[in-house]
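Below: the structure, in structure tokens.
Numbering (our numbering), first residue to last: 2 to 165.
Listed below in structure tokens is the structure:
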């Protein structure tokens with residue numbers, strides 16, 4: 002359809018003086034003219050064994066976080082391939098930094114936060130009680146908004162309700 006139009010002048014003499022653009026081509030590589038803008042970032046799993054054992058002990062009752070930690074540190078070799086793939090996919094949303102597990106915030110979050118600290122349900126309940134006492138007894142929704150800016154915890158709603 003458009004092929005005939007693009008080839009209609011093929012084989013004919015071109016007038017280079019007109020600078021009609023027929024001498025240049027479109028490069029498929031965006032970095033052809035500008036060079037590489039960003040370097041490749043490499044994530045390292047150099048977490049010392051004491052930090053790894055502390056995190057495993059801290060999140061021993063939180064299977065989601067434990068699965069993520071084991072996947073990040075490649076300690077899940079005895080599991081099925083499907084489980085390992087799922088865990089590694091989930092672990093791509095997490096980060097270990099300064100001995101803490103962080104969830105990277107991305108996607109469709111309304112309130113922009115680069116990362117939030119992962120805490121256990123017991124720690125979330127204590128933080129919710131503290132927020133409830135210091136925040137003016139506003140209720141579950143206000144506490145949840147305040148906490149989700151700082152932490153990530155499984156079943157956060159239940160932890161908040163238990164704290165209130």
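Cβ coordinates follow ideal geometry from the N, Cα and C atoms, glycine included. Since the structure is predicted, the reported quantities are computational estimates derived from the model, not experimental observations.
Own chain, CB closer than 6 Å to residue i, minus 5 neighbours either side, in chain order
{"i": "residue 100", "result": "52"}
{"i": "residue 152", "result": "117, 118 and 120"}
Extent of the continuous alpha helix (DSSP H) to which residue i belongs
{"i": "residue 117", "result": "Where residue 117 is concerned, there is no enclosing alpha helix (DSSP H), although the beta strand (DSSP E) it sits in stretches over 116–119."}
{"i": "residue 134", "result": "122–135"}
{"i": "residue 63", "result": "Counting along the chain, residue 63 falls outside any alpha helix (DSSP H), and DSSP gives it neither H nor E."}
{"i": "residue 162", "result": "157–164"}
DSSP state of residue i mapped onto helix, strand, coil
{"i": "residue 146", "result": "helix"}
{"i": "residue 97", "result": "strand"}
{"i": "residue 151", "result": "coil"}
{"i": "residue 105", "result": "strand"}
{"i": "residue 47", "result": "coil"}
{"i": "residue 14", "result": "coil"}
{"i": "residue 138", "result": "coil"}
Cut-off 8 Å between Cβ atoms - residues of its own chain near residue i, not counting five sequence neighbours on either side
{"i": "residue 50", "result": "none"}
{"i": "residue 103", "result": "95, 96, 97, 116, 117, 118 and 119"}
{"i": "residue 12", "result": "none"}
{"i": "residue 105", "result": "94, 95, 96, 115 and 116"}
Close Cβ partners of residue i (< 7 Å) along its chain, the five nearest in sequence each way excluded
{"i": "residue 130", "result": "164"}
Beta-carbon separation (whole angstroms), residue i vs residue j, contact threshold 8 Å
{"i": "residue 48", "j": "residue 67", "result": "No, residue 48 and residue 67 are not in contact; Cβ-Cβ is about 15 Å, not under 8 Å."}
Check whether the segment 80–88 touches the segment 122–140, taking contact to mean three or more Cβ pairs, one atom from each stretch, closer than 8 Å. no
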